[in-house]
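Student: Sending over a structure as structure tokens; questions will come in a sec.
Protein chains: 2
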Amino acid sequence: MGNCGEAMDFKILHKDKNCRARTGKFNTLHGEICTPIFMPVATQGTVKALAPVWLDEARVEALLSNAYHLYLRPGLDIISKAGGLHKFMNWPGPIITDSGGYQVFSLALLRKITDEGVNFQSHINGDSHFIGPKECLRIQEAIGSDICMVLDECVAYPCPYEKAKLAVERTLNWAKTARALKLSKGRQIFAIVQGSTFQELRKSCAQELVKLDFDGYAVGGVSVGEPTQLIYDIVSFTLNFLPQDKPRYVMGMGTPQDIIENIGQGADMFDCIIPTRYGRTGTAFTCEGKINLRNSIYANDFNPVDSECGCYGCRNFSRAYLRHLFYANEILGLELLSLHNVYFYTDLIAKIRQAIENDCFLQFKSAFLERYKA
Amino acid sequence: MGNCGEAMDFKILHKDKNCRARTGKFNTLHGEICTPIFMPVATQGTVKALAPVWLDEARVEALLSNAYHLYLRPGLDIISKAGGLHKFMNWPGPIITDSGGYQVFSLALLRKITDEGVNFQSHINGDSHFIGPKECLRIQEAIGSDICMVLDECVAYPCPYEKAKLAVERTLNWAKTARALKLSKGRQIFAIVQGSTFQELRKSCAQELVKLDFDGYAVGGVSVGEPTQLIYDIVSFTLNFLPQDKPRYVMGMGTPQDIIENIGQGADMFDCIIPTRYGRTGTAFTCEGKINLRNSIYANDFNPVDSECGCYGCRNFSRAYLRHLFYANEILGLELLSLHNVYFYTDLIAKIRQAIENDCFLQFKSAFLERYKA
């Protein structure tokens with residue numbers, strides 16, 4: 024088994040007096056992670072459009088990469104020879120890798136799921152592969168991930184109860200297999216709670232996983248098409264069954280509102296493609312809500328994207344310039360707006376941490392949502 | 024008229040004892056330009072994929088932008104309101120703008136050339152426009168260009184003599200009109216020598232333009248499809264008729280070999296899309312020649328793109344990583360390789376300047392070409 028229960032050392036720094044929000048920290052092989060944290064997604068070994076120097080500029084503290092994608096391309100051999108993903112992509116901080124469970128179910132061709140694992144064909148070239156819970160962790164170990172996610176079975180929404188139940192059973196069995204593996208020292212393992220939108224399944228999945236004593240726990244299989252309130256309800260419900268003294272990670276979430284909502288329910292960790300994907304389509308996050316810079320009202324707007332933002336883009340360029348870049352199909356537009364959006368997220372997290380420390384998370388949430396127009 | 028013959032103040036710093044290569048400098052409204060110089064192309068108000076901070080990293084000293092493109096999009100109104108192109112794109116150094124003559128002839132739809140100028144339809148939306156020599160300079164003035172290029176008529180290769188002759192006559196007439204205009208203080212005007220591959224036309228065009236006493240002179244209409252040796256011959260021939268005491272700019276050139284060759288013939292200034300365009304297709308310049316990182320031999324090559332390069336990309340990433348980025352269609356690959364290639368060019372220029380100062384340009388040229396495999 025990994026270092027579960029040993030070096031994990033998650034410390035709650037402060038719990039807001041008025042809600043479940045908390046700040047905390049824990050160590051990884053590549054440095055400390057302070058929570059709450061938002062981790063930009065580096066699916067293929069890069070945060071899209073952002074060199075590491077821009078991640079520093081945006082004060083990014085950890086990344087989420089993806090075992091499925093890196094296993095298929097460039098492959099473990101190249102990453103191992105490079106000395107691991109950290110060296111390959113020149114990112115010195117913590118890296119979490121998603122198990123690839125979600126990608127197998129969303130991207131892979133001709134997949135066949137058995138109790139042993141998943142047979143699938145690569146979405147890149149059709150080659151056949153098998154990944155079970157052991158292979159999944161070995162892949163993440165070869166990548167050099169600081170936090171490995173256990174292979175899970177992710178189901179779509181809506182999902183029949185029996186199908187969701189079977190997926191939970193497999194997820195639990197795979198977690199048991201994973202838990203019995205010995206990983207190299209310091210490498211941590213998080214398990215993923217599945218159960219679709221069924222409270223009973225979420226509860227039992229969480230409780231069984233907790234018995235196995237992982238380094239941390241994730242709520243997976245959310246934000247796959249459910250209405251927002253249902254997501255909030257399921258995440259909030261599930262968090263009840265995850266231990267206070269371990270980091271709690273809500274995977275694939277989300278909008279600024281989603282993150283604030285879930286932090287208020289006691290969640291600690293988040294990842295999402297939204298800031299970079301929106302950044303590549305001209306949508307910018309601002310303290311007053313999302314704006315799309317392609318809109319003609321910005322053609323003569325010489326203010327920065329967000330007048331309260333301190334990122335390189337906002338310090339140096341106007342909305343009018345960004346709009347021009349998007350209309351002229353200039354790559355620089357994608358870079359600057361990806362940077363800005365990631366900066367917006369990390370800045371939001373910094374403000375949230377401060378609010379929790381001051382026991383005023385709820386006031387911060389109200390004030391933010393009052394001003395922020397989706 | 025502009026500041027022709029006044030503040031231009033081109034100084035030859037050193038002339039190599041063994042050839043026509045020279046180093047020099049002159050002032051512009053946005054700082055000094057040292058020659059020889061390579062100017063990356065910022066056609067639409069950005070060097071493709073490179074934020075200004077990367078241009079600093081690559082030690083870029085001046086940019087070439089484009090009157091035709093900026094006039095059509097975002098338009099002069101927006102650029103003027105932004106306070107000029109320098110502020111709009113956040114580039115504090117010198118900007119030269121090409122007149123757009125080349126673009127009118129290569130991009131515009133339904134163009135009709137008369138002695139007064141060019142009627143054409145925008146390649147973006149089909150709108151009709153007229154640009155004559157006066158309009159052309161007024162556009163560049165509105166953009167805030169430090170060095171404006173006179174409107175010229177550029178012909179394709181091969182070109183019948185009579186057609187090339189007519190284009191030279193128009194180019195000369197337009198230059199006379201442009202010369203009579205009064206631009207704001209400090210703004211400089213360069214004229215462009217045309218004449219296709221006909222020595223007689225090149226000679227007369229150059230001589231007539233020189234009589235008008237511009238701030239500098241460019242050789243235009245080259246590298247439009249001619250064999251390399253013919254380009255070299257025409258440029259070298261034309262440079263003979265341009266004054267020693269003015270900067271001499273060879274437009275749209277070229278490869279590292281082209282630049283070295285033309286500097287040896289006494290040319291001072293260069294621009295080209297090659298470093299950024301090649302950078303976006305996976306082709307890297309190295310001291311041993313061009314390499315294409317998509318080649319499978321780089322899949323396991325953990326050396327930097329060029330082991331003698333000091334750019335951010337080469338300091339931090341391997342050929343294997345860059346290759347992965349290109350195969351995974353990651354924007355970061357375009358950014359890193361555009362940066363590297365521009366850095367390669369500016370670094371080459373820095374070495375050339377040093378060689379000229381030491382009267383060993385010819386030795387440098389031999390050694391470089393010996394090692395550099397196209």
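Chain order of the listed sequences is A and B. The first sequence begins at 24 in our numbering and counts up by one. The second sequence begins at 24 in our numbering and counts up by one. Just so it is clear, CB atoms sit at the ideal spot from N, CA and C, and this is done for glycine as well.
Is there at least one Cβ from chain B nearer than 8 Å to residue 167 of chain A's Cβ?
Tutor: no
Student: Can you list, in chain order, the residues of its chain whose CB lies under 6 Å from that of residue 393 of chain A, leaving out five sequence neighbours each side?
Tutor: none
Student: Relative to the alpha-carbon of residue 128 of chain B, which residue among B:55, B:35, B:190 has its alpha-carbon at the smallest distance?
Tutor: B:190
Student: Can you tell me whether residue 238 of chain B is buried or exposed, with buried defined as 16 or more other CB within 10 angstroms of its CB?
Tutor: buried
Student: For chain B, find out if any of its Cβ atoms is closer than 8 Å to the Cβ of residue 357 of chain A; answer yes or no.
Tutor: yes
Student: Taking residue 378 of chain B as the reference, which of B:33, B:43, B:34 has the closest Cα?
Tutor: B:43
Student: Just to confirm the assignment, what range does the beta strand (DSSP E) spanning residue 144 of chain A have?
Tutor: 141-144
Student: Ends of the alpha helix (DSSP H) at residue 286 of chain B?
Tutor: Where residue 286 of chain B is concerned, the enclosing alpha helix (DSSP H) stretches over 279-287.
Student: Could you check if residue 217 of chain A is buried or exposed, using at least 16 other CB atoms within 10 Å of its CB as the buried criterion?
Tutor: buried
Student: Could you tell me whether the Cβ of residue 353 of chain B comes closer than 8 Å to any Cβ of chain A?
Tutor: yes
Student: How big is the Cα-Cα spacing for residue 226 of chain A and residue 235 of chain A?
Tutor: 15 Å
Student: Provide the residue span of the alpha helix (DSSP H) that contains residue 112 of chain B, from first to last.
Tutor: 108-112
Student: Where do the ends of the alpha helix (DSSP H) carrying residue 162 of chain A lie?
Tutor: 156-166
Student: Pairing CB atoms from the region 101-115 of chain B with CB atoms from the region 146-154 of chain B, are three or more of them under 8 Å?
Tutor: no
Student: Would you say residue 112 of chain B reaches chain A, if we count a Cβ-Cβ gap shorter than 8 Å as a contact?
Tutor: yes
Student: Buried or exposed: where does residue 213 of chain B fall if 16 or more other Cβ atoms within 10 Å of its Cβ makes it buried?
Tutor: buried
Student: Going by C-alpha distance, which of B:57, B:390, B:36, B:40 is nearest residue 280 of chain B?
Tutor: B:390
Student: Starting from residue 255 of chain B, trace the beta strand (DSSP E) both ways and give me its first and last residue.
Tutor: No beta strand (DSSP E) contains residue 255 of chain B, which is instead part of the alpha helix (DSSP H) from 251-262.
Student: Residues in its own chain within less than 6 Å of residue 155 of chain B by CB, not counting five upstream and five downstream?
Tutor: 139, 140
Student: Quick one, which of A:104, A:51, A:118 has its alpha-carbon nearest residue 66 of chain A's?
Tutor: Restricting attention to A:104, A:51, A:118, the CA atom closest to the CA of residue 66 of chain A is found in A:118.
Student: Whether or not the region 81-88 of chain A and the region 356-370 of chain A are in contact is what I'm after, with contact meaning three or more pairs of Cβ atoms, one per stretch, closer than 8 Å; do they touch?
Tutor: At 8 Å Cβ cutoff, the stretches touch.
Student: Run through DSSP, which three-state label would residue 339 of chain A get?
Tutor: helix
Student: Give the range of the alpha helix (DSSP H) segment to which residue 367 of chain A is assigned.
Tutor: 354-380
Student: Flag this pair as yes or no: are the beta carbons of residue 46 of chain B and residue 36 of chain B separated by less than 8 Å?
Tutor: Residue 46 of chain B is a Cβ neighbour of residue 36 of chain B, given a cutoff of 8 Å.
Student: Tell me which same chain residues have a C-beta within less than 6 Å of the C-beta of residue 94 of chain A, skipping the five on either side of it?
Tutor: 162
Student: Would the beta-carbon of residue 316 of chain B fall within 8 Å of that of residue 342 of chain B?
Tutor: yes
Student: Give me the chain B residues within the contact set of residue 348 of chain A, using Cβ-Cβ distance strictly less than 7 Å, ordered along the chain.
Tutor: Within 7 Å Cβ-Cβ: 69.
Student: Cα-Cα, which of B:245, B:202, B:55, B:183 is closest to residue 157 of chain B?
Tutor: B:202
Student: Helix, strand or coil, according to DSSP, for residue 296 of chain A in the structure here?
Tutor: coil
Student: Please state whether the Cβ-Cβ distance between residue 296 of chain A and residue 59 of chain A is less than 8 Å.
Tutor: no
Student: Under 8 Å Cβ to Cβ from residue 291 of chain B, same chain only, skipping five residues before and after it: list those, please.
Tutor: 45, 47, 58, 59, 60, 270, 271, 272
Student: Using the C-alpha atoms, what's the distance from residue 211 of chain B back to residue 274 of chain A?
Tutor: Between the alpha carbons of residue 274 of chain A and residue 211 of chain B lies a gap of roughly 58 Å.
Student: Rank A:99, A:64, A:97, A:100 by C-alpha distance to the C-alpha of residue 86 of chain A and give the top, closest one.
Tutor: A:64
Student: Going by DSSP in three states, residue 272 of chain A sits in which element: helix, strand or coil?
Tutor: strand
Student: Residue 116 of chain A and residue 54 of chain A look like a contact to me (Cβ under 8 Å); what is the Cβ gap, rounded to whole Å?
Tutor: 6 Å
Student: With H, G and I counted as helix, E and B as strand and the rest as coil, what does DSSP make of residue 116 of chain A?
Tutor: coil
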